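Worksheet: one structure, shown below.
Residue numbers (the working numbering): 5 to 857.
Written as structure tokens, this is what we have:
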């Protein structure tokens with residue numbers, strides 16, 4: 005079999021540039037890939053070429069993607085095509101050892117892979133905290149008390165100073181935390197040591213205090229049984245490990261990095277370290293689509309890649325341009341390429357450009373039908389109605405197969421145009437999916453669920469706080485009102501809530517009775533539990549429920565207690581009381597039981613019928629948040645937890661309040677882009693990497709300013725970077741370029757005029773008299789059912805997909821398709837100890853012989 009034969013079997017017909025990129029496998033490759041140019045397929049076929057025709061072991065390939073979703077698409081595509089090869093030749097392939105995933109997941113894997121440890125010994129892998137974990141870690145009161153004492157400031161002064169220093173809107177703890185996180189992550193991503201940071205704090209007293217807090221933050225993460233790291237520090241940890249041994253430079257024969265324009269400084273060092281041995285590094289990206297400077301991304305990594313190759317490895321890469329757009333109509337491609345050329349990207353003194361020029365972007369389609377239109381130049385309300393009416397027309401005529409194929413994109417979802425567009429669509433009966441336009445917890449299905457939780461557990465005490473907590477307290481009142489309405493409309497739900505309330509009150513009463521008995525007997529809560537002494541006394545407590553009496557022990561528990569005593573870890577009296585007064589359900593159990601009632605069941609029915617998937621996607625997100633709460637706090641709901649109001653305080657006053665402040669979430673779904681039956685409203689950042697038959701650019705205004713973090717960090721790094729005063733302009737151009745290039749067949753631009761309306765300058769020049777306006781547009785220009793599925797083939801598992809679907813189709817829908825978190829997952833431990841022991845022996849033998857496998 006030849007590569008061309010496999011192209012034919014897979015119905016893939018690469019253009020000359022794609023073919024050249026697929027077959028260029030030796031030495032560095034600089035792949036400049038414009039929008040819709042098929043870069044994902046090129047990456048896929050490069051790996052196929054390596055494995056099938058160049059006989060490269062998959063374990064020798066390192067492939068980094070920007071998202072887990074992209075990684076999954078590539079894995080599925082590889083399995084699908086390699087399956088064709090196996091069917092034709094009988095040759096089998098094992099991808100289990102191939103490194104493919106996001107840079108963070110691959111860093112985790114490096115830290116656990118003994119190939120990268122000098123003596124191949126087992127290392128303790130740090131616990132990874134995501135952004136929400138990091139937020140809660142920094143929010144802890146004891147952390148604040150300690151760092152305030154160390155920097156010798158009171159909290160009010162610190163927060164007031166931080167407000168001024170970071171240009172925050174408020175001196176609230178929330179805004180202060182977010183600013184600190186942003187700065188700490190940036191320092192970590194640029195791999196700046198504490199000593200290096202101190203060099204810049206001599207003339208800035210508050211910056212010196214922030215460095216002290218950052219140092220303490222790192223110290224705190226390192227303490228405990230297992231070290232913790234955030235996403236940025238994880239990369240540092242991986243780089244430090246790789247720097248300890250020279251042999252790691254030979255472990256991978258090919259390094260392939262997607263979306264290279266969004267990498268940061270420390271990631272660049274990791275990639276070049278791994279590629280140094282074989283020098284086969286391929287980077288793919290487009291500097292015009294660089295959007296993540298606010299997360300520490302450095303577009304210069306991509307623009308200056310040829311120079312960096314010379315610096316790190318002493319070789320010059322081959323450059324290939326993927327310039328043919330297979331996604332969009334010709335007029336759309338011409339429009340966004342003209343847009344990016346509106347800005348002057350030249351360096352001072354004519355020494356080149358800050359942007360890669362002469363990319364030669366062109367449309368594969370030569371269809372000249374109208375595909376870029378704008379609204380009439382009128383007020384914002386009229387523009388919103390005009391666009392909504394066009395959307396309804398396209399749906400009514402069947403020009404678009406589902407509302408989720410029409411995407412509304414905005415620079416921010418917290419603006420007036422978003423609310424006007426949303427209202428205009430809903431007035432015409434068109435449902436919208438827009439979780440980020442408001443606080444996620446303010447969505448109706450979430451308020452209904454947590455309102456019922458509040459009915460069962462009770463509401464935190466009103467301590468008269470003002471500001472954001474008062475707003476949150478009002479939110480809880482609204483949740484309770486919704487819960488009352490649901491209970492009035494559903495007698496079964498009403499009775500169930502009363503039953504759960506009774507269980508909670510019983511658990512509290514039993515706990516107080518047993519604690520009173522304990523005090524009456526003069527026993528200490530931490531004293532050793534002796535069944536023959538304590539059990540009968542506890543069971544004879546007057547008023548104790550039968551549930552608690554049963555929970556106080558049986559012959560089996562007595563035997564376990566005796567065994568624990570022999571092992572030197574006896575049960576305490578407090579443990580036995582907690583055990584006897586605990587309810588037999590968790591917060592996730594409660595969520596799923598509530599989903600069985602009419603109001604929520606209807607949401608599952610709508611999703612199953614393919615009518616409206618919006619509510620069930622939001623319910624799925626609740627399970628993720630509740631599972632995280634259980635991980636951070638507790639799983640067992642005991643009488644002690646309820647009586648001391650600790651569950652109410654941790655769940656409502658702590659965890660959900662923090663989510664309320666953070667306010668945003670976004671749908672992450674590996675199977676469907678967005679819920680069927682609803683028009684998605686997205687930030688332009690969310691839309692990156694996606695495509696839609698119809699795109700509405702809902703706002704042409706972008707507030708341009710330099711981020712404070714960028715101002716602080718820029719003097720600390722030695723880098724040939726874009727001028728600080730030009731950063732806002734360049735970032736705005738790239739942002740709108742991404743938005744304009746998402747559309748396949750129709751790009752609709754909202755172009756209002758009037759008081760309070762601001763239009764980004766390049767659009768003013770482009771949307772002139774020759775622009776087709778909505779009233780002039782003939783919808784017949786948009787082909788019926790024009791959306792084509794450009795995704796890579798999916799792979800399904802016999803056990804995880806087929807058997808689960810056979811067992812219960814609705815369970816498959818809930819857990820596999822929509823990603824709900826099971827309330828009680830089962831973990832398999834069989835064979836783990838034996839496996840680890842054999843692995844330890846195996847690696848020890850390899851280390852002693854000096855072998856590397």
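All C-beta atoms in this analysis are idealised placements derived from N, C-alpha and C, irrespective of residue type, glycine included.
All values reported here derive from a predicted model rather than from experimental measurement.
Skipping 5 residues on each side, what residues in its chain have a beta carbon closer than 6 Å to that of residue 414?
For this step, residue 414 is matched to residue 410 along the chain shown. Close CB contacts of residue 414 within its chain, under the 6 Å cut and outside five residues either way in sequence, are with 422, 702 and 703 (chain order).
Taking only the alpha-carbon atoms, compute the straight-line gap between residue 328 and residue 367 and give it to the nearest angstrom.
Sequence index remark: in the chain shown, residue 328 carries index 324 (1-based). Sequence index remark: in the chain shown, residue 367 carries index 363 (1-based). Near 6 Å, if we compare the C-alpha coordinates of residue 367 and residue 328.
Would you identify the three-state DSSP class for residue 812, choosing helix, strand or coil?
Residue numbering aside, residue 812 sits at position 808 when the chain shown is read from its first letter. In the structure shown, residue 812 sits in coil (DSSP, three-state: anything other than H, G, I, E or B).
Going by other Cβ atoms of all chains shown within 10 Å of its Cβ, with 16 needed for buried, is residue 15 buried or exposed?
Mapped onto the chain shown, residue 15 falls at position 11. Answer is exposed; the Cβ neighbour count stays below 16.
Could you check how far apart the C-beta atoms of residue 560 and residue 643 are, in whole angstroms? I think they sit under 8 Å.
Numbered from its first residue, the chain shown carries residue 560 at position 556. Numbered from its first residue, the chain shown carries residue 643 at position 639. Not confirmed; about 22 Å, so no contact.
Could you tell me which of 566, 521, 582 and 535 sits nearest to residue 551, measuring between CA atoms?
Counted from its first residue, the chain shown places residue 551 at position 547. Of 566, 521, 582 and 535, the residue nearest in Cα terms is 582.
Candidates 101, 508 and 507: which alpha carbon is nearest residue 61's?
As a working mapping, residue 61 is identified with position 57 in the chain shown. Closest option to residue 61, Cα to Cα, is 101.
Cα-Cα separation between residue 491 and residue 466, rounded to whole angstroms
In the chain shown, residue 491 corresponds to position 487, counting from 1. In the chain shown, residue 466 corresponds to position 462, counting from 1. Between residue 491 and residue 466, the alpha-carbon positions lie close to 24 Å from each other.
Please report how far the alpha carbon of residue 712 lies from the alpha carbon of residue 299, in whole angstroms.
Sequence index remark: in the chain shown, residue 712 carries index 708 (1-based). Sequence index remark: in the chain shown, residue 299 carries index 295 (1-based). Taken atom to atom, the span from the alpha-carbon of residue 712 to that of residue 299 is near 13 Å.
Pick out the complete beta strand (DSSP E) segments inside the segment 349-397, 3 residues or longer, and give them in chain order.
Here the runs fully enclosed are 376-378.
For residue 822, three-class secondary structure by DSSP:
Reading the chain shown from its first residue, position 818 is the one you call residue 822. Note: residue 822 maps to coil in three-state DSSP.
Can you look up residue 428 in the DSSP assignment and give me helix, strand or coil?
Sequence index remark: in the chain shown, residue 428 carries index 424 (1-based). In the structure shown, residue 428 sits in a helix (DSSP, three-state: H, G or I).
Look up residue 222 in the DSSP assignment and say whether it is helix, strand or coil.
The count along the chain shown starts at 1 and reaches residue 222 at position 218. Helix at residue 222.
Counting pairs of Cβ atoms below 8 Å between the segment 685-700 and the segment 730-747, do you hit three or more?
Yes, since at least three Cβ pairs between the segment 685-700 and the segment 730-747 fall closer than 8 Å, the two stretches touch.
If you drop the 5 nearest sequence neighbours on each side, which residues of the same chain put their C-beta closer than 7 Å to that of residue 340?
Start at 1 with the first residue of the chain shown, and residue 340 comes out as number 336. Same-chain partners within the cutoff: 741, 744 and 745.
Considering residue 3, what are the terminal residues of the alpha helix (DSSP H) in which it resides?
Outside the shown range of the chain (5 to 857) lies residue 3, about which nothing can therefore be said.
May I ask you to verify whether the segment 387-399 touches the segment 340-355, counting CB pairs closer than 8 Å and requiring at least 3?
Contact annotation: the segment 387-399 does not touch the segment 340-355, with fewer than three C-beta pairs closer than 8 Å.
Under the three-state reduction of DSSP, which class applies to residue 591: helix, strand or coil?
Residue 591 sits at position 587 when you count from the first residue of the chain shown. For residue 591, the three-state secondary structure derived from DSSP is helix.
In whole angstroms, what is the alpha-carbon distance linking residue 6 and residue 725?
Residue 6 sits at position 2 when you count from the first residue of the chain shown. Residue 725 sits at position 721 when you count from the first residue of the chain shown. About 45 Å.
Residue 44 versus 630, 326 and 613, residue with shortest Cα-Cα distance
In the chain shown, the residue the question calls residue 44 occupies position 40. Of 630, 326 and 613, the smallest CA-CA separation from residue 44 is found for 326.
Distance check for residue 635 and residue 271, CA to CA, integer angstroms please.
If you number the chain shown from 1, residue 271 lands on position 267. If you number the chain shown from 1, residue 635 lands on position 631. About 30 Å.
Mark residue 437 as exposed unless 16 or more other C-beta atoms lie within 10 angstroms of its C-beta, in which case mark it buried.
Working through the chain shown from its first residue, we reach residue 437 at position 433. Buried, by the Cβ-count rule.
Leaving aside the five residues before and after residue 752 along the sequence, list all residues of the same chain whose C-beta is less than 8 Å from its C-beta, in chain order.
Here residue 752 corresponds to residue number 748 of the chain shown, with the count starting at 1. These residues qualify, in order along the chain: 377, 378, 379, 391, 394, 698, 699, 700, 701 and 778.
How many angstroms separate the CA atom of residue 517 from the CA atom of residue 507?
Counting from one through the chain shown, the residue named residue 517 turns up at place 513. Counting from one through the chain shown, the residue named residue 507 turns up at place 503. Roughly 15 Å between the two C-alpha positions.
Which complete beta strand (DSSP E) runs does the segment 534-577 hold, if anything under 3 residues is left out?
For the segment 534-577, not a single whole beta strand (DSSP E) run of length 3 or above is found.
Mind checking residue 90: buried by the 16 CB within 10 Å criterion, or exposed?
Against the chain shown, residue 90 aligns to sequence position 86. With fewer than 16 Cβ atoms within 10 Å of its Cβ, residue 90 is classed as exposed.
Have a look at residue 505 and residue 458 and give me their C-alpha separation to the nearest angstrom.
To locate residue 505, count along the chain shown from 1; it is residue 501. To locate residue 458, count along the chain shown from 1; it is residue 454. When rounded, the distance between both Cα atoms is 10 Å.
Where are the beta strand (DSSP E) runs, 3 residues long or more, that stay fully inside the segment 256-304, in chain order?
Restricting attention to beta strand (DSSP E) runs no shorter than 3 residues, the segment 256-304 encloses them at 258-261 and 285-289, ordered along the chain.
Nearest-angstrom Cβ-Cβ length linking residue 682 and residue 614, presumed shorter than 8 Å
Your numbering for residue 682 matches position 678 in the chain shown. Your numbering for residue 614 matches position 610 in the chain shown. Under the criterion of beta carbons closer than 8 Å, residue 682 and residue 614 do not qualify as touching, at roughly 12 Å.
Count the other CB atoms, across all protein chains shown, that sit within 10 Å of the CB of residue 670; report buried if there are 16 or more and exposed otherwise.
On the chain shown, residue 670 is found 666 positions in, with the first residue counted as 1. Residue confidence is low: residue 670 scores 38 on pLDDT, short of 50, so the model does not pin down where it sits. Its coordinate-derived value is still stated next. The residue in question, residue 670, is exposed, as its Cβ has fewer than 16 Cβ neighbours within 10 Å.
Proximal residues to residue 424 (C-beta, below 7 Å), its chain only, five neighbours per side dropped:
As a first step, residue 424 is located in the chain shown; it is residue number 420 there, counting from the start. 384, 385 and 388, listed in sequence order.
Between which two residues does the alpha helix (DSSP H) carrying residue 404 extend?
Here residue 404 refers to the residue found at position 400 of the chain shown. Run containing residue 404: none; DSSP gives neither H nor E here.
Taking 8 Å as the cut-off, is the CB of residue 315 close to at least one heavy atom of the ligand ATP?
As presented, the structure is devoid of all ligands, the ligand ATP included, so that no description of it is given.
Could you please give me the residues that DSSP links to residue 410 through a beta bridge?
Residue mapping note: residue 410 aligns to position 406 of the chain shown, counting from 1. Assignment of beta-bridge partners to residue 410 by DSSP yields 698.
Beta-carbon contacts of residue 256 that lie in its chain and below 6 Å, excluding the five residues immediately before and after:
Within the chain shown, numbered from 1, the residue matching residue 256 stands at position 252. Apart from sequence neighbours up to five positions away, the residues of its chain that approach residue 256 with a beta-carbon distance below 6 Å are 64, 66 and 278, ordered along the chain.
Alpha carbon to alpha carbon, how far is residue 181 from residue 662?
As a working note, residue 181 is residue 177 in the chain shown. As a working note, residue 662 is residue 658 in the chain shown. If you draw a straight line from the Cα of residue 181 to the Cα of residue 662, it comes to about 11 Å.
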